[in-house]
Amino acid sequence: MSLKARSRRNAIHAMLFYSGGCNGCDIEVANALLSPRYDLEQYKVLFTWNPREADVLIVSGIIAWQLLEPLKKIYSMIPNPKAVVAIGSCPINGNVYKNLVGDIGVNEDIFAPLDNIIPVDVKVPGCPPRPEDILEGVVKGVPKLVEAP
Amino acid sequence: MASQNPVKQKEVVEIEKELSFGPIHPALLEPYRIRLFVNDEYVEDCELTVNVAYRGIEKLFEGLPIERALVIAEKVCGICSNVHAFNAVRVIEGGLNIEVPTRASYIRVLVHEIQRMTSHLLFFGHAFEVLGHETFAMRSFLLRETFMDLMAYIGGNRVMASVPIIGGIRPRADLTEPLKKTILSRLDEFEDKYTDYVNRIMADPMVMSRLTGVGLLSKDEAIKWYATGPTGRASGWDFDLRRDMKEYKPFDFKVIVLNEGDNKARVVARALEIFESIKIMRQVVKNLPEGPVVNRQWIAGKMDYTIAYIETYRGELMHSYGLDEHGLIRNYKIRTPTITNLAAMEQACIGDHVTDAMVTIASCDPCLTCCTRAEVVEKGRSRVMTDQEVVRNYGWRH
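Those protein sequences? They're chains V and G, same order as listed. For the first sequence, my numbering gives the first residue as 1, with consecutive numbering after it. For the second sequence, my numbering gives the first residue as 150, with consecutive numbering after it.
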């Protein structure tokens, strides 16, 4: 392992971006990252709120129209190499809020598949996913950061 | 309504500095915006903007068959998911006179109280995180796992357990004998640890000095700004819907009312409520009657606009809808407790040092994800209603 990879592996920071949704995934992510039972810091992934410090962007929730521009801005502020993890069904397909099968048509207030906005590296489906799955998802994003040139 | 409670125009005060936080800010778990108007480091006025995560969820119910709608009702909020499903079924059960078996009613109360515990313990986590005492926050998260586990054992999911269905509960969520034993033993274990935790908080002079005497909300102000739930009860407002609910008739519990109205009272009110919830849960498990858990003898037909109120963890929740002749939902309306508590939060911040404002807002237990729904279209332009407007127009029943 090169010196660069080794030093990168010791300082991986994850940032949470909550973009609508119901708060369930949000709290499960906080549970997985911070709480003593599912401690993400054991894999040397630390929690941050500063996009300039972050390496992994965790996105939970549908993307409401008010938060579309902030999301793009925060993504652009994260330095390369970066990984994006989509937590829960909402950023993957819009879940119930997108109203894919309803009678009144697709909900146009939300910009749900996150792929359309920024590139996504790991998807963790579930409503909400278990904290173990969230841990696995975030850890899956780590090799991309470490092995980047 | 407006003539009875006129909202007085405030006198014009010169403001030295405006501090605005959010929507994405380290101190805020949810996206909302706080504007603090500060004079000499003391808060002169406060404004919360909550329109940042609009989903249009009430519209999604329109024209859906009732069973499908209940799946969406649970996803209004991820902290108090069960209570939305619970209250949505109470509307149709009241409107069409559907009988609920006693055993189902008991288990609904059990899950409701389990989620009250998770919500209150999350409140401690959030409040102490904001206060800056990370150890208490982490201990609270660890204690909370007991009840997340119980939710998963009963409903199959840690957050969205979807236990209540129309006419009873899902048969999968029925309590078996081993599960009853697990619940009782977990409760005993929890009570010991939790008593230690609360005693430790009350004995901590640093935490108590940050909380005592800060964020005062008097009883008159609490009533004027329609504070509900523990936020109102910590200001001496003696009201709890659980006293009147028929689901809670068989159980014996106390309603915690404190008179101080500061941040400490709001924390202590929730801490003491947890002991009452433990009492209710023990009674449910010990006195659980035998019998069926679901009544399938009902047909969705025409139903008038019906309203159901329930006491949630933050205050009062209202669900209301009508059904047309085909049994499809019309005019779904939800009023979550945070809508009425918002004005109380703004009011409680005023007059304190600016460093205490975040703690005061956190001590009122905000859950802003579920109250972002009201959007008004006026002359072709849409705008989000202010909280004062919501309180004035829809805030209180008569």
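Glycine included, C-beta positions come from ideal geometry on N, C-alpha and C. Note that this is a predicted model, so its numbers are computed, not measured.
Any Cβ of chain G within less than 7 angstroms of the Cβ of residue i?
i, result
"Pro-116 of chain V", "In the sequence on display, residue 116 of chain V carries Asn and not Pro. Asn-116 of chain V does not count as touching chain G."
"Lys-24 of chain V", "The question names Lys, yet the displayed sequence has Gly at residue 24 of chain V. Yes, Gly-24 of chain V lies at the interface with chain G (some Cβ there is under 7 angstroms from its Cβ)."
"Ser-89 of chain V", "no"
"Tyr-43 of chain V", "no"
"Lys-94 of chain V", "The sequence as given places Gly at residue 94 of chain V; Lys does not occur at that position. False, the Cβ-Cβ gap to chain G never drops below 7 angstroms."
"Pro-125 of chain V", "no"
"Tyr-164 of chain V", "Nothing about residue 164 of chain V can be read from this structure; chain V reaches only from 1 to 149."
"Pro-128 of chain V", "yes"
"Asp-109 of chain V", "yes"
Compare the Cα-Cα distances from residue i to each of the options and report the closest residue.
i, options, result
"Asp-411 of chain G", "G:Ser-230, G:Ile-510 and G:Arg-239", "G:Ile-510"
"Val-232 of chain G", "G:Trp-374, G:Val-308 and G:Val-442", "G:Val-308"
"Lys-482 of chain G", "G:Phe-210, G:Leu-245, G:Ala-492 and G:Leu-407", "G:Phe-210"
"Thr-489 of chain G", "G:Arg-293, G:Glu-370 and G:Asn-348", "G:Glu-370"
"Pro-180 of chain G", "V:Leu-34, V:Asp-26 and V:Ala-32", "V:Asp-26"
"Thr-380 of chain G", "G:Met-287, G:Asn-444, G:Val-312 and G:Cys-513", "G:Cys-513"
"Ile-372 of chain G", "G:Leu-291, G:His-502, G:Val-240 and G:Ala-497", "G:Ala-497"
"Asn-480 of chain G", "G:Val-503, G:Ile-215 and G:Arg-321", "G:Ile-215"
"Gly-362 of chain G", "G:Gly-205, G:Lys-208, G:Glu-165 and G:Val-508", "G:Val-508"
Hey, is residue i's beta-carbon within less than 7 angstroms of any beta-carbon in chain V?
i, result
"Arg-204 of chain G", "yes"
"Val-192 of chain G", "no"
"Met-287 of chain G", "yes"
"Glu-294 of chain G", "yes"
"Gly-378 of chain G", "no"
"Cys-226 of chain G", "yes"
"Thr-487 of chain G", "no"
"Ile-107 of chain G", "No statement about residue 107 of chain G is possible, as the shown extent of chain G runs from 150 to 547 and does not include it."
"Leu-270 of chain G", "no"
"Val-308 of chain G", "yes"
"Ile-221 of chain G", "yes"
"Thr-267 of chain G", "no"
"Thr-554 of chain G", "Any property of residue 554 of chain G remains undetermined from this structure, which presents chain G solely from 150 to 547."
"Ser-169 of chain G", "no"
"Phe-424 of chain G", "no"
"Ser-152 of chain G", "Residue confidence is low: Ser-152 of chain G scores 49 on pLDDT, short of 50, so the model does not pin down where it sits. Its coordinate-derived value is still stated next. Taking Cβ atoms only, chain V never reaches closer than 7 angstroms to Ser-152 of chain G, which makes this a no."
Would you tell me roughly how many angstroms separate the C-alpha atoms of residue i and residue j, rounded to the nearest one?
i, j, result
"Leu-114 of chain V", "Ile-247 of chain G", "42 angstroms"
"Tyr-458 of chain G", "Tyr-470 of chain G", "12 angstroms"
"Arg-392 of chain G", "Asn-436 of chain G", "19 angstroms"
"Val-404 of chain G", "Arg-419 of chain G", "11 angstroms"
"Ser-152 of chain G", "Ser-367 of chain G", "Because Ser-152 of chain G sits at a pLDDT of 49, beneath the cut-off of 50, its placement in the model cannot be relied upon, and the following sentence gives the value as read from the coordinates. Approximately 23 angstroms, taken between the alpha carbons."
"Gly-137 of chain V", "Gln-446 of chain G", "45 angstroms"
"Arg-130 of chain V", "Tyr-191 of chain G", "43 angstroms"
"Met-15 of chain V", "Val-279 of chain G", "18 angstroms"
"Val-56 of chain V", "Val-122 of chain V", "10 angstroms"
"Leu-291 of chain G", "Gly-227 of chain G", "19 angstroms"
"Cys-22 of chain V", "Ser-89 of chain V", "11 angstroms"
"Met-357 of chain G", "Ile-350 of chain G", "8 angstroms"
"Ile-241 of chain G", "Leu-472 of chain G", "9 angstroms"
"Glu-495 of chain G", "Thr-325 of chain G", "46 angstroms"
"Ala-383 of chain G", "Leu-491 of chain G", "16 angstroms"
"Arg-321 of chain G", "Pro-51 of chain V", "44 angstroms"
"Leu-336 of chain G", "Pro-441 of chain G", "26 angstroms"
"Pro-486 of chain G", "Tyr-18 of chain V", "22 angstroms"
"Leu-135 of chain V", "Ile-164 of chain G", "46 angstroms"
"Glu-223 of chain G", "Gly-476 of chain G", "20 angstroms"
"Glu-474 of chain G", "Met-452 of chain G", "8 angstroms"
Who are the neighbours of residue i on chain G, taking C-beta pairs under 7 angstroms?
i, result
"Pro-149 of chain V", "By Cβ distance, chain G contributes nothing, its closest Cβ being about 30 angstroms from Pro-149 of chain V, past 7 angstroms."
"Ile-134 of chain V", "Those within 7 angstroms of Ile-134 of chain V in chain G number zero; the least Cβ separation is about 12 angstroms."
"Asn-31 of chain V", "Phe-290"
"Ile-62 of chain V", "Arg-204"
What residues of chain V sit near residue i, judged by a beta carbon separation below 8 angstroms?
i, result
"Arg-184 of chain G", "Simply none; closest approach about 16 angstroms."
"Leu-291 of chain G", "Ser-35, Pro-36 and Arg-37"
In chain V, which residues lie less than 9 angstroms from residue i when you measure between Cβ atoms?
i, result
"Asn-200 of chain G", "Gln-66"
"Pro-172 of chain G", "Gln-66, Leu-67 and Pro-70"
Identify the contact partners of residue i in chain G, using a Cβ-Cβ distance below 8 angstroms as the criterion.
i, result
"Phe-17 of chain V", "Ile-173"
"Glu-28 of chain V", "Arg-307 and Val-308"
Say the cut is 6 angstroms; is the CB of residue i nearer than that to a heavy atom of the ligand ZN?
i, result
"Tyr-454 of chain G", "With respect to small molecules bound, the structure shown includes none, and the ligand ZN cannot be examined in it."
Identify the contact partners of residue i in chain V, using a Cβ-Cβ distance below 7 angstroms as the criterion.
i, result
"Ser-230 of chain G", "Gly-24"
In chain G, what lies closer than 9 angstroms to residue i by C-beta?
i, result
"Gly-20 of chain V", "Pro-180, Val-201, Ala-202, Tyr-203, Arg-204, Thr-518 and Thr-521"
"Ala-112 of chain V", "Here the premise fails: no neighbours, minimum Cβ distance about 10 angstroms."
Touching or not, the region 134 to 144 of chain V and the region 93 to 101 of chain V, by the rule of three or more beta carbon pairs under 8 angstroms?
Touching, no, given that fewer than three Cβ pairs across the two stretches are closer than 8 angstroms.
Is there contact here, the region 116 to 123 of chain V with the region 79 to 88 of chain V, by at least three beta-carbon pairs under 8 angstroms?
A contact exists between the region 116 to 123 of chain V and the region 79 to 88 of chain V.
Does the region 316 to 328 of chain G come into contact with the region 275 to 289 of chain G, if we say contact requires no fewer than three beta-carbon pairs (one atom in each stretch) closer than 8 angstroms?
As far as the Cβ criterion goes, the region 316 to 328 of chain G does not touch the region 275 to 289 of chain G, which means the pair count is below three.
Determine, using beta-carbon pairs with one atom in the region 192 to 206 of chain G and one in the region 50 to 69 of chain V, whether at least three such pairs fall under 8 angstroms.
For the pair of segments examined, the region 192 to 206 of chain G was found to touch the region 50 to 69 of chain V: the number of CB pairs separated by less than 8 angstroms reaches three.
Pair every Cβ in the region 254 to 271 of chain G with every Cβ in the region 418 to 434 of chain G, then say whether three or more of these pairs are closer than 8 angstroms.
The answer is yes - the region 418 to 434 of chain G touches the region 254 to 271 of chain G, with three or more Cβ pairs under 8 angstroms.
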